[in-house]
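Structure first, commentary second.
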Amino acid sequence: MALKIALAGNPNAGKTTLFNALTGSNQFVGNWPGVTVEKKEGRLKGQRDATVVDLPGIYSLSPYSLEEVISRNYILEENPDVILNIIDGTNLERNLFLTTQLLELGVPVVAALNMMDAVEKSGDSIHAGELQKALGCPVVGISALKGTGVAEAAEAALKQAAAKQAAIPAVKFNAVIEGAILALEPLMDGVPKPLRRFYALKTLERDEKVAEKHLFGVHREHPDPLREHLTYHHHDPRDPIRDHLAHRRDRAAHYHHGGLRHSGVELILAAAEQKLGDDAESAITEGRYQFIERILPKVLKRHSSTTMSASDRIDRVVTNRICALPIFAAIIFCIYFVAVTTVGAWVTDWTNDGLFGDGFSFLGRDVPGIPALVGDGLKAAGTADWLNGLILDGIIAGVGAVIGFVPQMLVLFFLLAALEACGYMARIAFILDRVFRRFGLSGKSFIPMLIGTGCGVPGIMASRTIENEKDRRMTVMTTTFMPCGAKLPIIALVSGALFGGAWWVAPSTYFLGIFSVVASGVILKKTAPFAGEPAPFVMELPAYHLPTLVNVLRSMWERGWSFVKKAGSIILLSAVAVWFLSSFGFSGGAFGMVEDMNGSILAAVGNAVAWLFAPLGFGAWDAAVATITGLVAKENVVGTMGVLYGFADAAENGEEIWTSFAGGFTKLSAFTFLSFNLYCPPCFAAIGAIRREMNSAKWTWFALAYQFAYSYALALVVYQLGSLFSGAGFTVGTAFGFLTLVALVFGLTRKPAASRPLQKKR
Ligand code: GDP
Ligand code: MG
Numbered sequence: 012m013a014l015k016i017a018l019a020g021n022p023n024a025g026k027t028t029l030f031n032a033l034t035g036s037n038q039f040v041g042n043w044p045g046v047t048v049e050k051k052e053g054r055l056k057g058q059r060d061a062t063v064v065d066l067p068g069i070y071s072l073s074p075y076s077l078e079e080v081i082s083r084n085y086i087l088e089e090n091p092d093v094i095l096n097i098i099d100g101t102n103l104e105r106n107l108f109l110t111t112q113l114l115e116l117g118v119p120v121v122a123a124l125n126m127m128d129a130v131e132k133s134g135d136s137i138h139a140g141e142l143q144k145a146l147g148c149p150v151v152g153i154s155a156l157k158g159t160g161v162a163e164a165a166e167a168a169l170k171q172a173a174a175k176q177a178a179i180p181a182v183k184f185n186a187v188i189e190g191a192i193l194a195l196e197p198l199m200d201g202v203p204k205p206l207r208r209f210y211a212l213k214t215l216e217r218d219e220k221v222a223e224k225h226l227f228g229v230h231r232e233h234p235d236p237l238r239e240h241l242t243y244h245h246h247d248p249r250d251p252i253r254d255h256l257a258h259r260r261d262r263a264a265h266y267h268h269g270g271l272r273h274s275g276v277e278l279i280l281a282a283a284e285q286k287l288g289d290d291a292e293s294a295i296t297e298g299r300y301q302f303i304e305r306i307l308p309k310v311l312k313r314h315s316s317t318t319m320s321a322s323d324r325i326d327r328v329v330t331n332r333i334c335a336l337p338i339f340a341a342i343i344f345c346i347y348f349v350a351v352t353t354v355g356a357w358v359t360d361w362t363n364d365g366l367f368g369d370g371f372s373f374l375g376r377d378v379p380g381i382p383a384l385v386g387d388g389l390k391a392a393g394t395a396d397w398l399n400g401l402i403l404d405g406i407i408a409g410v411g412a413v414i415g416f417v418p419q420m421l422v423l424f425f426l427l428a429a430l431e432a433c434g435y436m437a438r439i440a441f442i443l444d445r446v447f448r449r450f451g452l453s454g455k456s457f458i459p460m461l462i463g464t465g466c467g468v469p470g471i472m473a474s475r476t477i478e479n480e481k482d483r484r485m486t487v488m489t490t491t492f493m494p495c496g497a498k499l500p501i502i503a504l505v506s507g508a509l510f511g512g513a514w515w516v517a518p519s520t521y522f523l524g525i526f527s528v529v530a531s532g533v534i535l536k537k538t539a540p541f542a543g544e545p546a547p548f549v550m551e552l553p554a555y556h557l558p559t560l561v562n563v564l565r566s567m568w569e570r571g572w573s574f575v576k577k578a579g580s581i582i583l584l585s586a587v588a589v590w591f592l593s594s595f596g597f598s599g600g601a602f603g604m605v606e607d608m609n610g611s612i613l614a615a616v617g618n619a620v621a622w623l624f625a626p627l628g629f630g631a632w633d634a635a636v637a638t639i640t641g642l643v644a645k646e647n648v649v650g651t652m653g654v655l656y657g658f659a660d661a662a663e664n665g666e667e668i669w670t671s672f673a674g675g676f677t678k679l680s681a682f683t684f685l686s687f688n689l690y691c692p693p694c695f696a697a698i699g700a701i702r703r704e705m706n707s708a709k710w711t712w713f714a715l716a717y718q719f720a721y722s723y724a725l726a727l728v729v730y731q732l733g734s735l736f737s738g739a740g741f742t743v744g745t746a747f748g749f750l751t752l753v754a755l756v757f758g759l760t761r762k763p764a765a766s767r768p769l770q771k772k773r
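Its first residue numbered 12, the sequence shown is counted upward by one per residue in my numbering.
Here you go:
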């Protein structure tokens with residue numbers, strides 16, 4: 012049997028870095044059973060029969076967040092052979108809080124004291140030996156980033172696992188708690204001895220989630236009608252997030268009405284809490300912190316608490332009330348400018364005009380482009396015309412158009428990954444929290460949006476960390492307003508083909524995305540289903556440090572690769588479909604290949620819906636069709652244009668590929684085309700994620716309707732008023748544009764509705 016090493020630790024303690032160092036490239040990324048939260052597993056480098064599991068980052072083993080539930084269920088139910096607890100040495104006090112709990116699980120524990128490089132740099136020193144004595148488990152000082160001590164930590168973990176040396180709880184609580192534990196332990200017949208203390212503590216904390224499952228034979232096979240009535244959501248085993256959120260809310264009510272139906276247990280709890288004059292959970296938490304406070308002076312020698320670290324000094328400027336926003340704007344501006352307009356654009360021009368165009372020269376020799384190469388090949392093979400069309404005008408044109416923009420995506424992902432790795436991303440959340448709060452929104456909503464800058468699906472999933480149901484729904488609805496990687500080709504195409512790569516186009520989509528989130532938040536918050544105080548937002552600001560190239564490249568590659576895979580599957584199929592529909596149609600009463608695309612099925616479909624987009628300035632059938640295919644995957648907007656504007660043709664004529672595309676738009680209509688496609692309902696994958704997170708068809712439809720209405724209103728106002736100001740006459744459309752603007756302003760400024768309590772089901 013392979014040994015299982017579970018990596019547990021606080022968020023940002025360095026788990027992923029250590030995981031990568033321990034496993035190298037032998038990794039497997041999947042989902043935790045039943046929930047779509049990333050699960051990473053890998054084989055320990057140089058060790059055939061040991062696997063490492065990267066548990067979600069947690070601060071404690073309470074049942075309050077999905078991550079905590081996943082992590083502790085894994086430890087309790089999957090029986091890892093050893094827990095490798097990664098501790099952020101620069102944040103000992105907070106990190107040890109979790110450690111004290113891990114030591115109570117009856118599993119061998121090894122503590123990896125991480126960030127030792129940063130600790131040394133700050134001049135502090137941590138005495139690993141003293142910590143080992145205090146915790147009673149092996150402690151190894153490491154730097155996951157630099158790779159020092161990593162092998163020793165793995166070795167210690169393997170040794171501890173082989174010895175099956177279960178950790179010994181380190182914290183002794185006050186007499187009341189310890190007395191209650193003693194009274195509870197004998198009641199747990201089915202629980203293995205080393206775990207009884209843990210379950211007794213959980214029972215005292217009234218953590219029903221654990222207690223119910225394992226204790227006193229209380230199994231809840233049949234739902235308790237009283238409880239069903241009291242709970243806001245049904246117990247739904249397929250949806251642990253809802254369940255744990257609901258759980259937190261109804262915890263008090265539930266116990267009051269006889270949650271743990273073991274009268275002896277209830278008596279012990281009541282007696283203990285009476286003696287404490289407080290709930291036992293607080294006393295237990297306090298006990299842990301007292302323990303940590305007691306051992307800390309022996310373990311940690313502070314160099315000096317008065318000097319400011321370099322990181323703090325940077326933060327003094329970067330998160331400064333006055334400078335923070337301009338600096339943030341400048342950084343984002345630079346990132347999009349570099350990715351879309353300069354470096355990215357050079358590479359993309361090469362792929363579009365050279366590789367997928369009429370060739371390029373390499374080491375002084377002329378190399379033909381892919382269309383010409385494949386075209387010659389097909390000619391030589393003497394294939395049928397329709398097959399040549401399918402391959403050249405369908406697949407190569409459609410997929411090639413998207414692939415052409417991959418370099419820009421990679422540059423963007425590289426820069427975003429660097430921003431995240433150096434610690435600035437956390438500051439963005441912090442800075443924007445101040446802005447959000449002014450509008451009554453929670454800064455917590457911004458984490459999903461930062462993630463959504465890569466891809467909307469994990470962004471939407473990250474909304475799970477928001478406990479307030481109303482804020483969570485609102486975040487799910489607005490996260491995809493941020494420009495994800497798949498939208499980048501649309502941005503790059505419009506910015507390049509119509510605005511000649513003007514410096515402001517690409518960055519403005521990011522800021523317009525944030526504006527859309529804030530505006531939507533303000534509008535929605537004023538309606539009853541979303542009204543209420545924003546949730547408090549606490550977040551850790553990691554110390555700044557130089558990112559390592561390997562980590563940044565890895566992150567870039569992971570994200571980039573998923574686009575390449577998409578291009579080979581969804582985009583390819585879509586391109587084939589678009590090609591087929593645009594090449595075939597009824598002419599002269601017979602079905603067949605059509606000479607003129609305007610007679611194709613696709614044109615017929617496009618024309619049927621184009622009226623909808625005409626008020627936004629892009630009423631041509633091809634733009635309508637591109638918008639619709641964009642609902643499958645956003646890259647399709649560009650892929651479809653690639654098929655329709657004949658990549659292969661362009662290569663033959665030797666003209667710039669996107670010139671004919673640009674002919675169909677004015678700057679204004681191109682901008683509304685871009686903004687509508689960015690803010691309208693996202694791709695199928697993201698819609699699926701919205702459906703899962705909302706867990707309700709009604710809310711999903713509401714979200715999609717809102718996104719459609721918002722993007723439509725925005726594009727309508729911009730196009731109609733823009734036309735008016737650029738000299739066009741006043742039309743019915745202009746009137747509607749003004750009406751919509753008034754409605755938007757009213758939505759933003761009206762008096763908020765009273766908060767409505769969350770609806771009770773049944
Ligand atoms: P996780 O949230 O626990 O997975 O943490 P990560 O592995 O993502 O690390 C959080 C941050 O800490 C990243 O920016 C890492 O580069 C950084 N980090 C991780 N290990 C070390 C270390 O040993 N020293 C320093 N200075 N930074 C580290
Ligand atoms: Mg991680």
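The beta-carbon is built from N, C-alpha and C at its ideal position, and this holds for glycine as well.
Asked: Within 10 angstroms of its Cβ, does Asn479 collect 16 or more other Cβ (buried), or is it exposed?; Found: buried
Asked: Regarding Thr751 and the ligand GDP, is the C-beta to nearest heavy atom distance less than 7 Å?; Found: no
Asked: Leaving aside the five residues before and after Tyr266 along the sequence, list all residues of the same chain whose C-beta is less than 8 Å from its C-beta, in chain order.; Found: The predicted position of Tyr266 is uncertain, since its pLDDT is 40 and thus under 50; a value taken from the coordinates is nonetheless stated next. So the qualifying residues of the chain are Arg217, Glu219.
Asked: Have a look at the DSSP bridge pairing and note the partners of Lys813.; Found: Residue coverage of the chain in this structure runs from 12 to 773, which leaves residue 813 outside it and unanswerable.
Asked: Quick test of the definition: if touching needs 3 or more C-beta pairs under 8 Å, does the stretch 679–690 touch the stretch 498–518?; Found: yes
Asked: Give the straight-line distance between the Cα atoms of Phe676 and Ala408, rounded to the nearest whole angstrom.; Found: 21 Å
Asked: Relative to the C-alpha of Leu443, which candidate in Met472, Thr538, Ile295, Leu461 has its C-alpha closest?; Found: Leu461
Asked: For the ligand GDP, I want to know if His138 counts as a neighbour, meaning its beta carbon is within less than 7 Å of at least one of the ligand's heavy atoms.; Found: no
Asked: Gln731 to Ala625, Cα distance in whole Å?; Found: 11 Å
Asked: Assign Val756 to one of two classes, buried (16 or more other C-beta atoms within 10 Å of its C-beta) or exposed (fewer than that).; Found: exposed
Asked: Can you give the beta carbon distance from Phe184 to Ile295, rounded, assuming they're within the 8 Å contact cut?; Found: 6 Å
Asked: Between Ala508 and Ala681, what straight-line distance do the alpha-carbon atoms span, to the nearest angstrom?; Found: 10 Å
Asked: Take Ile471 as the anchor and find which of Leu452, Gly451, Cys495, Phe450 has the nearest alpha-carbon.; Found: Cys495
Asked: Would you mind sorting Val728 into buried or exposed? The rule is 16 or more other CB atoms within 10 Å of its CB.; Found: buried
Asked: Confirm the yes/no value for this check: CB of Asp326, any heavy atom of the ligand GDP, distance under 7 Å.; Found: no
Asked: Does the ligand GDP have a heavy atom nearer than 7 Å to the CB of Pro553?; Found: yes
Asked: What ranges does the alpha helix (DSSP H) occupy inside the stretch 586–633, keeping only unbroken runs of at least 4 residues that lie completely in it?; Found: 612–624
Asked: Is it the case that the stretch 98–113 contacts the stretch 295–311, given that we only count it when at least three CB pairs across the two stretches are under 8 Å?; Found: yes
Asked: Is it buried or exposed for Val310, if we count other Cβ within 10 angstroms and need 16 for buried?; Found: buried
Asked: Below 8 Å CB to CB, which residues in the same chain sit around Ile153 once its five sequence neighbours on both sides are set aside?; Found: Leu29, Ala123, Leu124, Asn125, Met127, Thr159, Gly160, Val161, Glu163, Ala164
Asked: Any heavy atom of the ligand GDP closer than 7 Å to the CB of Ala129?; Found: yes
Asked: Would Ala440 and Gly454 qualify as a contact pair, given that the criterion is a beta-carbon distance under 8 Å?; Found: yes
Asked: On the three-state DSSP scale, how would you describe Phe39?; Found: strand
Asked: Roughly how many angstroms separate the alpha carbons of Ala291 and Glu297, rounded to a whole number?; Found: 10 Å
Asked: With DSSP as the reference, label Gly190 as helix, strand or coil.; Found: helix
Asked: May I have the straight-line CA-CA distance separating Asn399 from Ile16, to the nearest angstrom?; Found: 54 Å
Asked: Tell me whether Ser737 sits in a helix, a strand or coil according to DSSP, three-state version.; Found: coil
Asked: Classify Lys144 as helix, strand or coil using the three-state DSSP reduction.; Found: helix
Asked: Could you compute how far the alpha carbon of Phe416 sits from the alpha carbon of Leu77?; Found: 37 Å
Asked: Given a cut-off of 8 Å on the beta-carbon distance, is the pair Arg54 and Asn31 in contact?; Found: no
Asked: I'd like to confirm the pairing. Which residues does DSSP put opposite Val62 in its beta bridges?; Found: Note that residue 62 is Thr in the sequence shown, not Val. DSSP lists Lys15, Arg54 as partners of Thr62.
Asked: Over the uninterrupted alpha helix (DSSP H) stretch that includes Ile338, give me the two end residues.; Found: 335–347
Asked: Are the beta-carbon atoms of Lys481 and Gly434 separated by less than 8 Å?; Found: no
Asked: Rounded to the nearest angstrom, what separates Phe713 and Gly699 at their Cα positions?; Found: 14 Å
Asked: Just to confirm my understanding: we take Gly758, look at its own chain, exclude 5 residues before and 5 after, and list those with CB closer than 6 Å. What are they?; Found: Ile534
Asked: Just to check, is the beta-carbon of Lys26 closer than 7 Å to a non-hydrogen atom of the ligand GDP?; Found: yes
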